[in-house]
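Sequence order for the protein chains is A and B.
Numbering-wise, our numbering comes out as the position in the first sequence, counting from 1, plus 66.
Numbering-wise, our numbering comes out as the position in the second sequence, counting from 1, plus 8.
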Amino acid sequence: MLTSSSGAPIVTQPMLAFFAVLFTFPLWAEAAGLYHYLGVEIAIFIIYALGYNLLLGYAGLPSFGHGAFFGIGAYSYGLWQFGPLPGVFLGLAAAIAGAALAAGLVALFLSHRRGIYFALMTIAFGQIFWFLSIRLRGITGGEDGLLNILRPKLNVGWFSVNLSSNATVYYGVAILLTILIVLLWRLVHSPFGTALQAIRMNEMRARFAGYRVWLIKWTVFTLSGAIAGMAGALLALTQESAYPDVMSLHASGFVVMMTLIGGGFVSFWGPVVGALVFILARDVLGAATETWLLWYGLLFMVVMLVEPEGVVGVWLKLQARLKRLGPQPKPAEGKVSL
Amino acid sequence: MTASRPFFVAEKLHKRFGDQVVLESISLSFDEGTVSGIMGPNGAGKSTCFNVLTGLHKPDRGRVIFDGEDITGLSPEAIARKGISRSFQIMNLFDEFTAIENIMVALPQVRSGLSRLFWDTRGDSAVMDEAREVLGRVGLAGREQVRAGDLPYGQRRALEIGVALAAKPRIVFLDEPTQGLGSEGRARLAELIANLQRSYTLVIIEHDMTFLFGLAQKISVIHWGQVIAQGTPQELMANEWVRASDLGKVA
C-alpha cells in the first residue's frame with residue numbers, strides 16, 4: 067500500500083470502505099430509493115464540510131460566513147462559462163482562485179482574531195458578500211441568480227465526456243472528492259495539521275513554541291475558503307445556475323450544523339457523516355413535511371444535548387466499549403486512526 | 009573568568025498598563041550556563057517582566073538584548089525562534105494531545121516542517137525518539153501516551169518544562185514552576201531543575217525562597233516594579249527586604 071515518507075498509510079481502510087460506497091452508489095442508488103442527483107449533492111456538501119472542518123474541527127476557528135466562499139465559487143464558475151474560454155477545468159480553477167482570493171483577503175482581517183471576535187467578523191464579511199451578490203445585478207443576476215450555465219463538454223486529453231447525465235457528473239464529483247480526501251487526510255496528519263490542532267487547544271502556547279499562528283490561521287482560512295469555492299462551483303455546474311441564497315447567514319449555518327452533527331471535533335470523518343445526514347434528513351423529512359427544517363433543528367438540538375461529539379462521537383464510544391468487552395484488546399498503536 | 013559579552017540583558021525596562029506603572033527602569037542580566045532567580049511579592053511585576061522579556065508585551069522604554077542582538081518588541085514567535093523558551097505560571101499545555109505529542113509539536117524540526125504534506129511525524133521514529141528522550145529528561149518516561157489533560161498536577165508541571173525544553177532553547181524562563189505543588193512535588197522539581205542546570209541557562213521566578221536559594225547562583229528581588237536587590241543567595245541574606253520577609257525561617 068502507498069505510504070508516506072515516514073511509513074504512515076496514504077490510503078487507509080476506512081477510506082477504502084468509503085470509496086467503495088462512493089463509486090458503487092450509482093449502481094444501487096435506485097434500488098435503495100435514492101437517485102443520482104441526490105448523490106451529487108451529498109458529495110458536493112461533503113467536500114464543503116470537509117474543507118470547513120479544517121477551520122472548525124482542527125483549528126477551532128468558527129466561521130459563520132463560509133457560504134460567501136461557496137457562493138463566490140458558484141458565481142465565478144458560472145461567469146467563467148459565459149466568458150471566451152468556457153470549460154469545466156478552467157471554470158473550476160477560476161472558482162477556486164476566486165474563492166481563495168476572497169477568503170485570503172478576509173483572512174487578513176481575521177487571522178489576528180479568535181473566539182467571539184473571529185466569529186462575529188466572519189458573520190460581518192459573510193453578510194457583505196451576500197449583500198453584494200444581491201445588489202450587483204449586472205454581474206450576479208441579483209436575486210434571480212445566474213441562469214443557463216450550460217454544462218460544457220469535459221475534455222480530458224483526446225477524450226470528450228458529455229456531462230448531460232447526472233450519473234456522469236456524479237462520477238466526476240466523486241473523483242474530485244476522492245482526491246480531496248486523500249490530500250486532506252495527509253494534511254491533517256502532517257505537521258501543519260498538528261499545528262492547527264495545537265492552535266485550537268492553546269494558541270498562546272503555540273506562539274511561544276515559535277509557531278507563526280496568524281500565518282497558519284490565514285493559510286487554513288484561505289484553503290478552507292478555496293475548498294468551499296470548489297464545492298460551490300460543482301453545485302453551479304450541477305444545477306446549471308448559481309443563486310445568492312447559498313451565501314446567506316442561514317445557509318452558512320448549515321455547514322456548521324453538518325460538521326457538528328457528524329462529529330467534526332472528534333473525527334476526520336465527522337463532516338462526511340454530517341453532510342450525509344443533513345441532505346438525507348432534508349430529503350426524508352422534506353418529503354414528509356414542508357417544515358422539515360424545524361424537525362431537523364430539533365434533531366440537531368437533541369444530538370448536541372445528548373452527544374455533543376456527534377454521530378461519529380457515538381460510534382467511537384461504542385467502539386471503545388466493544389473493545390473493553392472484547393476478549394483480546396488489540397495492542398495500542400498510538401493514535402486512533404478513524 | 010574572562011569578561012565575555014553578556015548573554016541576556018534587559019536595560020531599563022519600563023512598562024505601564026493605563027496609569028499603573030508595572031515596571032520602572034528594570035535592568036537585569038543573566039549569564040550563560042547559570043541559574044538565575046527572580047523573587048518578589050505578588051504583584052511586584054515579576055510575571056510582567058517575563059512577559060516583556062519573551063515578547064508578550066512590548067516595553068514602553070528600554071531594551072532587551074540576547075546574545076548581542078536587540079530583540080526588544082519582537083513577537084513571541086520571533087523570540088521563541090531565537091532560542092528563548094518559557095513556561096507559564098498558569099498551566100499552559102495542549103491538553104488534548106498526549107504527553108509525547110506535547111513535546112513533539114514543540115520540536116523545532118516539526119515547526120519548520122509545516123509544508124511537508126507527506127511527513128507523518130507521529131510515525132517518524134527519529135522525531136518520536138527525540139520527544140521520548142525529552143520526556144525522560146523531565147521524569148515522564150512511561151507516560152508518553154497519557155493525554156496531557158489527564159496527567160496528575162505535578163506531572164503536568166514537569167511536562168510544561170519539557171515543552172519549553174523541546175524547543176532546544178538557549179535560555180529557558182520558568183514562571184513559578186512550583187505553583188500549586190506540595191512539598192514533595194517541590195523537592196522533586198528542585199531535583200529536576202538541578203539536573204537541568206548542567207545543560208541549560210535557566211531563569212526562574214519563584215515565591216518559594218528555599219527552593220530558589222538552593223538552585224540559583226544569582227537572584228534579583230523585584231518590588232514595586234523595580235529591582236531592589238541583586239546578588240548571590242548569601243549576599244541577599246543580608247538584604248533588608250529579604251530579612252523582613254520570611255527568609256529567616258529558611259536560614
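For every residue, glycine included, the Cβ atom is placed at its ideal position computed from N, Cα and C.
Computed from a predicted model, the values in this text were never measured in an experiment.
Per DSSP, residue i is paired with what?
i: B/ALA18; result: B/LEU36 and B/VAL72
i: B/HIS231; result: B/GLN234
i: A/LYS383; result: According to DSSP, which records beta bridges pairwise, A/LYS383 is partnered with nothing at all.
i: B/ARG94; result: B/PHE181
i: B/ASP78; result: B/ILE73
i: B/GLN28; result: B/PHE25
i: B/PRO241; result: Answer is none; B/PRO241 lacks a bridge partner.
i: A/ALA308; result: A/LEU212
i: A/ARG390; result: Its beta-bridge partners do not exist; DSSP assigns none.
Distance check for residue j and residue i, CA to CA, integer angstroms please.
i: A/ARG348; j: A/LEU229; result: 26 Å
i: A/PHE225; j: A/LYS219; result: 10 Å
i: B/ALA175; j: A/GLY223; result: 50 Å
i: A/ILE293; j: B/VAL60; result: 40 Å
i: B/LYS23; j: B/ILE34; result: 9 Å
i: B/GLY170; j: B/VAL146; result: 6 Å
i: A/ASN119; j: A/LEU212; result: 28 Å
i: A/GLY117; j: A/VAL368; result: 25 Å
i: A/GLN263; j: A/ALA125; result: 5 Å
i: B/LEU255; j: B/ALA224; result: Confidence is the limiting factor: at B/LEU255 the pLDDT is only 48, short of 50, which leaves the residue's position unreliable, though a coordinate-based value still follows. Rounded to whole angstroms, B/LEU255 to B/ALA224 spans 15 Å at the Cα level.
i: A/THR357; j: B/GLY51; result: 59 Å
i: A/LEU158; j: B/MET136; result: 40 Å
i: B/VAL258; j: B/ALA114; result: Residue confidence is low: B/VAL258 scores 45 on pLDDT, short of 50, so the model does not pin down where it sits. Its coordinate-derived value is still stated next. For B/VAL258 and B/ALA114, the distance between alpha carbons rounds to 37 Å.
i: B/PHE102; j: A/GLN147; result: 47 Å
i: B/ARG155; j: A/LEU93; result: 44 Å
i: B/ILE92; j: B/ARG124; result: 25 Å
i: B/SER95; j: A/ALA261; result: 19 Å
i: A/VAL88; j: B/ILE179; result: Rather than Val, the amino acid found at residue 88 of chain A in this sequence is Leu. Their backbone Cα atoms lie some 53 Å apart in a straight line.
i: B/GLY45; j: B/ARG194; result: 16 Å
i: A/GLY340; j: B/GLY144; result: 41 Å
i: B/ALA252; j: A/ALA173; result: 54 Å
i: B/SER207; j: B/GLU199; result: 14 Å
i: A/ALA95; j: A/SER199; result: 35 Å
i: A/ASN232; j: A/LEU151; result: 23 Å
i: A/PHE91; j: B/LEU167; result: 49 Å
i: A/PRO337; j: B/LEU189; result: 42 Å
Go to residue i, then tell me how far its alpha helix (DSSP H) extends in each direction, as first and last residue.
i: A/LEU360; result: 358-372
i: A/SER142; result: 133-148
i: B/MET136; result: 133-145
i: A/GLU209; result: Run containing A/GLU209: none; DSSP gives neither H nor E here.
i: B/LEU173; result: 161-174
i: A/GLN263; result: 257-267
i: B/LYS54; result: 54-61
i: B/GLN187; result: Element bounds for B/GLN187: n/a, residue is neither H nor E.
i: A/ILE194; result: 181-201
i: B/ILE112; result: Correcting the residue type first, residue 112 of chain B is Met in the shown sequence and not Ile. Start and end: 107-114.
i: A/PRO337; result: 336-354
i: A/ALA83; result: 79-94
i: B/PRO84; result: 84-89
i: A/GLN305; result: 279-305
i: A/SER318; result: 315-328
i: B/TRP249; result: 248-252
i: A/ASN119; result: 102-119
i: A/GLY157; result: 154-176
i: B/LEU223; result: 217-223
Assuming residue i and residue j are in contact, meaning their beta carbons sit under 8 Å apart, how far apart are those beta carbons, in whole angstroms?
i: A/ALA161; j: A/GLY298; result: 6 Å
i: B/LEU159; j: B/ALA107; result: 7 Å
i: A/LEU246; j: A/ILE113; result: 6 Å
i: A/TRP335; j: A/PRO75; result: No, A/TRP335 and A/PRO75 are not in contact; Cβ-Cβ is about 15 Å, not under 8 Å.
i: A/PHE191; j: A/GLY295; result: Actually they do not touch by this definition, with Cβ atoms about 15 Å apart.
i: B/SER133; j: B/GLN97; result: Rounded, the Cβ-Cβ distance is 35 Å, inconsistent with contact.
i: A/ILE215; j: A/ALA308; result: 7 Å
Can you name the start and end residues of the beta strand (DSSP E) that residue i belongs to?
i: B/LEU210; result: 210-213
i: A/LEU220; result: 220-222
i: B/GLY45; result: 43-47
i: A/ARG227; result: What sits at residue 227 of chain A in the sequence shown is Val, not Arg. Segment 225-227, the beta strand (DSSP E) holding A/VAL227.
With three or more beta-carbon pairs closer than 8 Å as the criterion, would you say the region 234-246 of chain A touches the region 294-307 of chain A?
Touching, per the Cβ criterion.
Validate contact between the region 31-46 of chain B and the region 227-242 of chain B using beta carbons, cut 8 Å, 3 pairs
Taking 8 Å as the limit for Cβ pairs, the verdict is that the region 227-242 of chain B does touch the region 31-46 of chain B.
How do the region 184-192 of chain A and the region 267-275 of chain A stand: do at least 3 beta-carbon pairs fall below 8 Å, yes or no?
Counting C-beta pairs with one atom in each stretch, the region 184-192 of chain A and the region 267-275 of chain A have fewer than three that are closer than 8 Å, which means they do not touch.
How do the region 282-292 of chain A and the region 69-77 of chain B stand: do at least 3 beta-carbon pairs fall below 8 Å, yes or no?
Too few Cβ pairs lie closer than 8 Å, so no.
Three or more C-beta pairs below 8 Å linking the region 208-219 of chain B and the region 181-198 of chain B:
These segments touch.
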